[in-house]
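Chains as they are written, first to last, in the numbering used here: chain A, 1 to 259; chain B, 260 to 429.
Don't be surprised by glycine CBs; every beta carbon is placed ideally from N, CA and C.
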């Protein structure tokens, strides 16, 4: 117990730096190949159990995908063939925002083994110039930011993490607020939008990029899903659906931007 | 080599860590996954008593901490306390029952998650103490309880013929 308390004290005092963090980074790098191997071996097992626990949603998704497939079959008759599809995929990968900021593409290798944090680990680290605080995006919008970096791995704090918050601007009403994470699969909660302002469902929220913000401006964050004005409240209750499906990340781009 | 507890114990620890980090994150109920690292401490307390529970709890917790971004040593502290407490509880029991390990794993895992949240909030992670905590305590308690008989057998095999000092200090 004394050892644990001593380690906690030292880690807390160093605030994420120092010798203990070096030990942690070293351990992460050392375990990374073993984890990758185990991940490849165990992924069918994980997928099986994951499928069991998501049976209901998978059934719904299956029905939805079947409907989309029918639609796609119809659409494909009028398409220009494979080249056009390829161009569409390339278009999807192109970033329409933050295009002037250099970025590093990374593959998501694992989900955080935690019940209190909502993070993922990617296969790029400080060797590829990644640093703590850098924004992470996909073609659809903001994913989160780099929380920890070792030489070959980086931990990304997702927008839905309960400790995450990002300054946003609602593009329809031009209101500024702060979107905070509320947990896995939960919409973001936007605070500090006054009740006397007109906000509509469907408005797109983008990063505000105000001075001192850890994110560049105009990166899509999500779409206003629901809003209410409780009697007597000084701010609206606004929930925003993230524009990126954070439960199925495969590839992301880390913007080499530190404010 | 596997006849020596000095090899079996680290093997079980690393295997549990790999399962914890690669398989179980996909196995979530209401967004919550089982915590086999905490279950290791509980199983060691049940099988080997307070000292084994504490030592296994410290080792499992420290390994888990290395892969999280919570303060280093936090899981180690909580798991040490839980492993020790389970060992003391088991020692004070006059008669064992087949359901005992399941019930203890349920209670100890739930309490462990609660203790972790309180300790994390004391260190500044106040968002951990939310309504989500109740779900975490229930789901981790139930899933760890169901996995307990398997983990107890594994830990029994790994601890056979060992003392904490032989296994970890030598």
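CB of residue i within 8 Å of CB of residue j, strictly
i                     : j                     : result
residue 122 (chain A) : residue 107 (chain A) : yes
residue 117 (chain A) : residue 161 (chain A) : yes
residue 181 (chain A) : residue 391 (chain B) : no
residue 170 (chain A) : residue 205 (chain A) : yes
residue 320 (chain B) : residue 338 (chain B) : yes
residue 332 (chain B) : residue 4 (chain A)   : yes
residue 115 (chain A) : residue 341 (chain B) : no
residue 142 (chain A) : residue 244 (chain A) : yes
residue 242 (chain A) : residue 159 (chain A) : yes
residue 167 (chain A) : residue 207 (chain A) : yes
Close beta carbons around residue i, own chain, < 7 Å, minus the five adjacent residues each side
i                     : result
residue 192 (chain A) : 177, 178, 235
residue 330 (chain B) : 382
residue 202 (chain A) : 223, 224
residue 401 (chain B) : 365
Close Cβ partners of residue i (< 6 Å) along its chain, the five nearest in sequence each way excluded
i                     : result
residue 346 (chain B) : 304, 308, 309, 312
residue 126 (chain A) : 149, 151
residue 253 (chain A) : 103, 105, 137
residue 209 (chain A) : 216, 217
residue 343 (chain B) : 309, 312, 313
Residue i to residue j span [Cα, whole Å]
i                     : j                     : result
residue 282 (chain B) : residue 380 (chain B) : 28 Å
residue 369 (chain B) : residue 295 (chain B) : 13 Å
residue 371 (chain B) : residue 187 (chain A) : 28 Å
residue 367 (chain B) : residue 279 (chain B) : 18 Å
residue 58 (chain A)  : residue 406 (chain B) : 25 Å
residue 288 (chain B) : residue 67 (chain A)  : 28 Å
residue 284 (chain B) : residue 109 (chain A) : 12 Å
residue 163 (chain A) : residue 198 (chain A) : 28 Å
residue 175 (chain A) : residue 256 (chain A) : 28 Å
residue 240 (chain A) : residue 386 (chain B) : 19 Å
residue 271 (chain B) : residue 131 (chain A) : 34 Å
residue 185 (chain A) : residue 144 (chain A) : 14 Å
residue 28 (chain A)  : residue 229 (chain A) : 46 Å
residue 417 (chain B) : residue 38 (chain A)  : 21 Å
residue 231 (chain A) : residue 237 (chain A) : 11 Å
residue 397 (chain B) : residue 290 (chain B) : 12 Å
residue 388 (chain B) : residue 334 (chain B) : 16 Å
residue 200 (chain A) : residue 221 (chain A) : 16 Å
residue 246 (chain A) : residue 146 (chain A) : 15 Å
residue 269 (chain B) : residue 25 (chain A)  : 20 Å
residue 316 (chain B) : residue 327 (chain B) : 16 Å
residue 31 (chain A)  : residue 156 (chain A) : 18 Å
residue 322 (chain B) : residue 409 (chain B) : 21 Å
residue 318 (chain B) : residue 128 (chain A) : 32 Å
residue 393 (chain B) : residue 263 (chain B) : 41 Å
residue 248 (chain A) : residue 286 (chain B) : 14 Å
residue 101 (chain A) : residue 124 (chain A) : 18 Å
residue 266 (chain B) : residue 23 (chain A)  : 23 Å
Sequence-distant residues of the same chain with beta carbon closer than 8 Å to residue i, five excluded per side
i                     : result
residue 20 (chain A)  : 7, 10, 11, 14
residue 72 (chain A)  : none
residue 212 (chain A) : 259
residue 165 (chain A) : 178, 179, 180, 181
Whole-Å CB distance - residue i paired with residue j, under 8 Å assumed
i                     : j                     : result
residue 216 (chain A) : residue 135 (chain A) : 7 Å
residue 293 (chain B) : residue 399 (chain B) : 6 Å
residue 195 (chain A) : residue 154 (chain A) : 40 Å between Cβ atoms; not a contact.
residue 364 (chain B) : residue 301 (chain B) : 5 Å
residue 299 (chain B) : residue 414 (chain B) : 7 Å
residue 1 (chain A)   : residue 352 (chain B) : Incorrect: roughly 24 Å between the Cβ atoms, too far for contact.
residue 63 (chain A)  : residue 219 (chain A) : The pair is not a contact, with the Cβ atoms about 33 Å apart (cut-off 8 Å).
Closer than 8 Å to chain D by CB, residue i
i                   : result
residue 7 (chain A) : In the structure shown, chain D does not exist; the protein chains are A and B.
Legend entry - Any 3 or more C-beta pairs closer than 8 Å across the region 345 to 359 of chain B and the region 376 to 388 of chain B: With the cut-off at 8 Å, the region 345 to 359 of chain B and the region 376 to 388 of chain B do not touch.
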